[in-house]
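Undergrad: In full-length UniProt numbering, the protein residues as written are 1 to 146.
1. May I have the straight-line CA-CA distance separating residue 76 from residue 63, to the nearest angstrom?
2. Kindly indicate which three-state DSSP category residue 110 falls into: helix, strand or coil?
3. Just to check my reading of the structure: residue 45 and residue 93 have Cβ atoms closer than 8 Å, yes? What is that Cβ distance to the nearest angstrom?
4. With a 10 Å radius around its C-beta and 16 neighbouring C-beta atoms as the bar for buried, classify residue 10 as buried or exposed.
5. Three or more C-beta pairs under 8 Å: does that hold for the stretch 54-63 against the stretch 108-115?
6. What residues in its chain sit with their C-beta under 6 Å from that of residue 137, if we drop five residues either side in the sequence?
7. Please list the terminal residues of the continuous alpha helix (DSSP H) segment that includes residue 82.
8. In angstroms, rounded to a whole number, what distance separates the CA positions of residue 87 and residue 122?
9. Where does residue 184 fall in DSSP's three states?
10. I'd like the list of long-range same chain contacts for residue 120, defined as Cβ closer than 6 Å, with 5 residues on each side in sequence excluded.
11. Using the Cβ count rule (16 or more neighbours within 10 Å means buried), how would you classify residue 139?
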């Protein structure tokens with residue numbers, strides 16, 4: 001049996017943030033102002049979608065995990081990017097431990113999403129790690145993509 005269907009995004013709430021994203025600090029400011037990511041007790045992965053002018057369209061909680069890990073499924077991330085008609089995106093997650101060092105998994109998902117984004121002609125601007133002190137680390141600044 002086959003079905004004809006449509007997918008829609010449902011707006012849950014509006015947020016006021018009209019600033020263009022110019023650097024990792026702008027992403028950090030958005031996260032601190034509009035989410036509770038920095039103080040979550042377990043790792044949470046957030047996707048921030050942007051238009052061609054680097055203005056935020058929307059954001060999603062993509063995954064919620066344990067104290068030291070969460071699952072990042074590229075398929076689920078890309079689905080939300082495409083449904084949002086975004087041309088750029090940022091991934092952000094927290095480290096409840098406070099440690100801002102990148103794990104092997106952090107590096108792996110960044111590289112995987114960079115490859116997927118390149119294939120889809122969507123720009124991965126950065127992947128941010130934030131801790132409970134609202135300090136952050138930019139993955140793009142630390143990883144050289146091969």
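Glycine included, every Cβ here is placed at the ideal spot set by N, Cα and C.
As the structure is a prediction and not an experimental result, all values here were calculated from the model.
TA: This is what the structure gives:
1. Your numbering for residue 76 matches position 76 in the chain shown. Your numbering for residue 63 matches position 63 in the chain shown. Rounded to the nearest angstrom, the two C-alpha atoms are 9 Å apart.
2. The sequence position of residue 110 within the chain shown is 110, counting from 1. Residue 110: helix per DSSP, three-state reduction.
3. Here residue 45 is taken as the residue at index 45 of the chain shown, counted from 1. Here residue 93 is taken as the residue at index 93 of the chain shown, counted from 1. Their Cβ separation, rounded to whole angstroms, is 5 Å, which keeps residue 45 and residue 93 in contact under 8 Å.
4. Within the chain shown, the letter at position 10 stands for residue 10. The residue in question, residue 10, is exposed, as its Cβ has fewer than 16 Cβ neighbours within 10 Å.
5. no
6. What you label residue 137 is simply residue 137 of the chain shown in a count that begins at 1. Excluding sequence neighbours, residue 137 sits near 100 and 129.
7. Numbered from 1 along the chain shown, position 82 holds the residue referred to as residue 82. From DSSP, the alpha helix (DSSP H) with residue 82 extends over 74-83.
8. Stepping through the chain shown from its first residue, residue 87 is reached at position 87. Stepping through the chain shown from its first residue, residue 122 is reached at position 122. So the two alpha carbons sit approximately 5 Å from each other.
9. Outside the displayed range of the chain (1 to 146) lies residue 184, so it cannot be described from this structure.
10. As a first step, residue 120 is located in the chain shown; it is residue number 120 there, counting from the start. The answer is none, since no qualifying residue turns up.
11. In the chain shown, counting from the first residue as 1, residue 139 sits at position 139. With 16 or more other Cβ atoms within 10 Å, it is buried.
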